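Protein chains: 2
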Amino acid sequence: MGTATVSQRSYHHGDLRNACLRSALDLLEEGGLEAVTLRAVAERTGVSRSAPYRHFETKRALLAAAAATGFRRLNDAITAARDTAGDDPQTRLTAGCGAYARFGAGHPHLYRLMFAGDFCEGPLFGNRTPVEESEFPELIEAGNDAFDSLVEGLQEAQEQGALRLRDPRSQALAIWSMIHGVMSLYLDNRTAYGRHETAALEAVLQEVLAIAFEGLAKPS
Amino acid sequence: MGTATVSQRSYHHGDLRNACLRSALDLLEEGGLEAVTLRAVAERTGVSRSAPYRHFETKRALLAAAAATGFRRLNDAITAARDTAGDDPQTRLTAGCGAYARFGAGHPHLYRLMFAGDFCEGPLFGNRTPVEESEFPELIEAGNDAFDSLVEGLQEAQEQGALRLRDPRSQALAIWSMIHGVMSLYLDNRTAYGRHETAALEAVLQEVLAIAFEGLAKPS
DNA sequence: CGGCAAATGTAAACGGTGTTAACATTAGTA
DNA sequence: TACTAATGTTAACACCGTTTACATTTGCCG
Numbered sequence: 000m001g002t003a004t005v006s007q008r009s010y011h012h013g014d015l016r017n018a019c020l021r022s023a024l025d026l027l028e029e030g031g032l033e034a035v036t037l038r039a040v041a042e043r044t045g046v047s048r049s050a051p052y053r054h055f056e057t058k059r060a061l062l063a064a065a066a067a068t069g070f071r072r073l074n075d076a077i078t079a080a081r082d083t084a085g086d087d088p089q090t091r092l093t094a095g096c097g098a099y100a101r102f103g104a105g106h107p108h109l110y111r112l113m114f115a116g117d118f119c120e121g122p123l124f125g126n127r128t129p130v131e132e133s134e135f136p137e138l139i140e141a142g143n144d145a146f147d148s149l150v151e152g153l154q155e156a157q158e159q160g161a162l163r164l165r166d167p168r169s170q171a172l173a174i175w176s177m178i179h180g181v182m183s184l185y186l187d188n189r190t191a192y193g194r195h196e197t198a199a200l201e202a203v204l205q206e207v208l209a210i211a212f213e214g215l216a217k218p219s
Numbered sequence: 000m001g002t003a004t005v006s007q008r009s010y011h012h013g014d015l016r017n018a019c020l021r022s023a024l025d026l027l028e029e030g031g032l033e034a035v036t037l038r039a040v041a042e043r044t045g046v047s048r049s050a051p052y053r054h055f056e057t058k059r060a061l062l063a064a065a066a067a068t069g070f071r072r073l074n075d076a077i078t079a080a081r082d083t084a085g086d087d088p089q090t091r092l093t094a095g096c097g098a099y100a101r102f103g104a105g106h107p108h109l110y111r112l113m114f115a116g117d118f119c120e121g122p123l124f125g126n127r128t129p130v131e132e133s134e135f136p137e138l139i140e141a142g143n144d145a146f147d148s149l150v151e152g153l154q155e156a157q158e159q160g161a162l163r164l165r166d167p168r169s170q171a172l173a174i175w176s177m178i179h180g181v182m183s184l185y186l187d188n189r190t191a192y193g194r195h196e197t198a199a200l201e202a203v204l205q206e207v208l209a210i211a212f213e214g215l216a217k218p219s
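Which chain is which? The protein sequence lines are A and B, in order. For the first sequence, position 23 matches number 22 in numbering that gives the first Met the number 0, and the numbering has no gaps at all. For the second sequence, position 156 matches number 155 in numbering that gives the first Met the number 0, and the numbering has no gaps at all.
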């Protein structure tokens with residue numbers, strides 16, 4: 000009979016861990032968190048039900064890996080937007096915030112998973128202490144990296160004289176809280192308009208950012 | 000044998016719906032959402048496994064009722080704090096926000112359930128349109144009532160000249176977003192300090208509120 | 001090369017969960 | 001007092017996460 004072709008994969012998969020992760024992300028995007036079932040992940044990957052357990056100790060571990068992937072993608076989206084936004088620090092910050100919102104609106108289930116808060120025992124943003132002691136260090140690190148990007152943007156704005164000189168870490172935490180609040184209410188369908196009314200999201204976000212920048216601006 | 004005493008309840012419970020609701024709220028407070036199992040609710044109420052289904056069509060309906068109770072309690076806490084906060088509009092607003100944060104920190108699981116976003120098809124805050132068409136109108140109404148309290152506080156502050164004159168509904172949505180963002184990151188263990196570090200929560204909240212009031216204040 | 005241990009995948013089962021169907025009991029009423 | 005609707009019970013269903021025992025393959029060491 001046919002000799003083993005390259006894509007045959009009779010028994011061993013070769014990269015099952017990443018394949019499961021991709022299946023989980025796909026299922027999440029298509030059907031929300033409730034669609035992400037280990038059985039569904041296994042079936043979609045074309046493997047037996049218990050195979051994923053060779054690469055993820057538990058379902059939470061798989062979801063944590065997916066959330067970490069989400070933070071890395073979010074960070075990429077923010078930095079890319081800022082890098083193509085010119086020189087004005089406020090424009091760069093606004094571009095980053097817009098990319099943040101676009102990411103959340105475009106991947107609502109992933110965004111909610113990233114902030115689901117059932118993964119980390121330890122804190123995430125602003126954490127300088129034991130990353131390795133956490134249950135899912137990969138997730139902690141990805142989240143902190145994204146936070147650091149925001150801190151850099153604020154420092155940049157401070158140095159160019161656009162913002163008051165305060166601790167940029169606490170400024171960053173305050174701004175992140177605001178934007179996350181907007182996204183959270185929007186994604187959880189709590190705002191005044193429908194779930195897919197991107198216009199409503201943009202309006203609220205602009206109002207919040209306007210208030211925030213007014214409150215953070217250097218008194219002229 | 001003993002004639003039926005008042006509390007005998009041999010077969011019919013009398014107020015099983017409220018009893019289940021209370022059991023669910025207790026289980027939620029004690030063990031988080033994962034502890035709220037219909038079986039546990041039934042057992043705690045001292046009733047068979049399928050009895051709750053006579054009063055709640057599904058588990059989601061029970062959780063929605065619990066979330067509505069949460070919004071009513073939150074509204075009560077906010078208005079009580081504001082009513083005992085004197086006359087200064089900003090003090091009254093700050094007192095309301097503090098009560099909001101205290102409620103969330105004191106009932107983290109309930110707060111997260113209220114904003115879990117798996118109940119409403121339609122929007123919640125700021126909604127003037129079909130409350131009855133929603134899947135859980137009780138929840139929509141309780142959420143809108145709480146939102147309206149915040150709007151009233153902002154109108155009050157505007158009338159007394161403490162805030163810029165803008166649409167108080169969009170101001171309220173912006174402020175709610177900010178505070179909810181702080182609470183969400185805190186409860187989901189995303190902030191820079193431990194979960195039960197109330198001091199950290201207060202610090203971030205004060206920073207956010209300071210920025211917000213600065214941004215909303217009437218230019219002097 | 002040969003064989004052997006570790007890594008990886010499979011099959012079948014366990015307990016727990018939401019939900020439903022069929023049946024039992026009670027309350028309200030004509 | 002009989003009948004009906006409301007309410008509660010028991011037993012089962014499918015689905016889920018997880019584990020255990022077993023099968024296959026890979027890689028390495030002699």
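All C-beta atoms, glycine included, are put in the ideal place defined by N, C-alpha and C. Note that the coordinates shown come from a computational prediction; the quantities given were computed from them, not determined experimentally.
Cβ-Cβ distances below 8 angstroms link B:R38 to R48 in the same chain, with the five nearest sequence neighbours on each side left out; the list follows chain order. Listed as beta-bridge partners of B:A171 by DSSP are no residues whatsoever. Taking 9 angstroms as the threshold, the shortest C-beta distance from B:I77 to chain A does not fall below it.
In its chain, beyond the 5 residues on either side, A80, R81, A84 have a beta carbon closer than 7 angstroms to the beta carbon of B:A94.
Between the alpha carbons of A:Q159 and B:L215 lies a gap of roughly 24 angstroms. The C-alpha of A:E134 is placed about 44 angstroms away from the C-alpha of B:E131. Around the Cβ of A:D187, a 10 Å sphere holds 16 or more other Cβ atoms; the residue is buried. Of all residues in the stretch 18 to 39 of chain A, none is placed with a Cβ closer than 7 angstroms to any Cβ belonging to chain B. Against A:H179, the close residues of chain B are G180, S183, L184, in the order they occur along the chain (beta-carbon pairs closer than 7 angstroms). Residue B:G125 holds the alpha-carbon nearest to the alpha-carbon of B:N143 among B:L153, B:Q154, B:G152, B:G125.
Secondary structure note for A:D82: its alpha helix (DSSP H) is the uninterrupted segment 58 to 82.
Contacts with chain B at 9 angstroms (Cβ-Cβ) include A:S169. When A:A199, A:P122, A:C96 are compared, the shortest CA-CA separation from A:V150 is found for A:C96.
In summary, no residue of the stretch 81 to 109 of chain B has a CB separated from any CB of chain A by less than 9 angstroms.
Straight-line spacing of the CA atoms in B:R111 and A:H11 works out to 42 angstroms. Note on A:E42: under 16 other CB atoms within 10 angstroms of its CB, so exposed under the neighbour-count rule.
Judged by DSSP in its simplified three-state form, A:A34 adopts helix.
For the C-beta of B:V203, the chain A residues within less than 9 angstroms are, from N- to C-terminus, S169, L172, A173, S176. In terms of CA proximity to A:E120, B:T190 leads the group B:T190, B:R163, B:K58. The DSSP-derived three-state label of B:A216 is strand. DSSP, read as helix, strand or coil, puts B:L162 in strand. Annotation: A:V150 has no Cβ neighbours in chain B at a cutoff of 7 angstroms; minimum Cβ distance is about 12 angstroms. About 4 angstroms separates the beta carbons of A:A145 and A:N74, which is inside the 8 angstroms limit, making them a contact pair. Taking all protein chains in view, the Cβ of B:E56 is surrounded by fewer than 16 other Cβ atoms within 10 Å, so the residue is classified as exposed. Of the candidates B:Q154, B:L172, B:L27, the residue whose Cα lies closest to the Cα of B:T68 is B:L27.
The shortest C-alpha to C-alpha distance from B:A66 to any of B:A211, B:V181, B:M177, B:A141 is the one to B:A141.
In the three-state reduction of the DSSP assignment, B:N143 falls in the helix class, which pools H, G and I.
Of the residues B:R163, B:Q89, B:S183, the one whose Cα lies closest to the Cα of A:D117 is B:S183. The Cβ of A:E206 sits closer than 9 angstroms to at least one Cβ of chain B. Around the Cβ of A:S9, a 10 Å sphere holds fewer than 16 other Cβ atoms; the residue is exposed. Residue contact check for A:R111 against chain B: a CB pair falls below 9 angstroms. The beta carbon of B:L208 is closer than 7 angstroms to those of T93, C96 in its chain, skipping five residues each way along the sequence. Secondary structure of B:A198 (DSSP, three-state): helix. B:D87 carries a coil assignment under DSSP once its states are collapsed to helix, strand and coil. When Cβ-Cβ separations below 9 angstroms define contact, B:G142 makes contact with chain A.
Look at B:D14: its C-beta is not under 9 angstroms from any C-beta on chain A.
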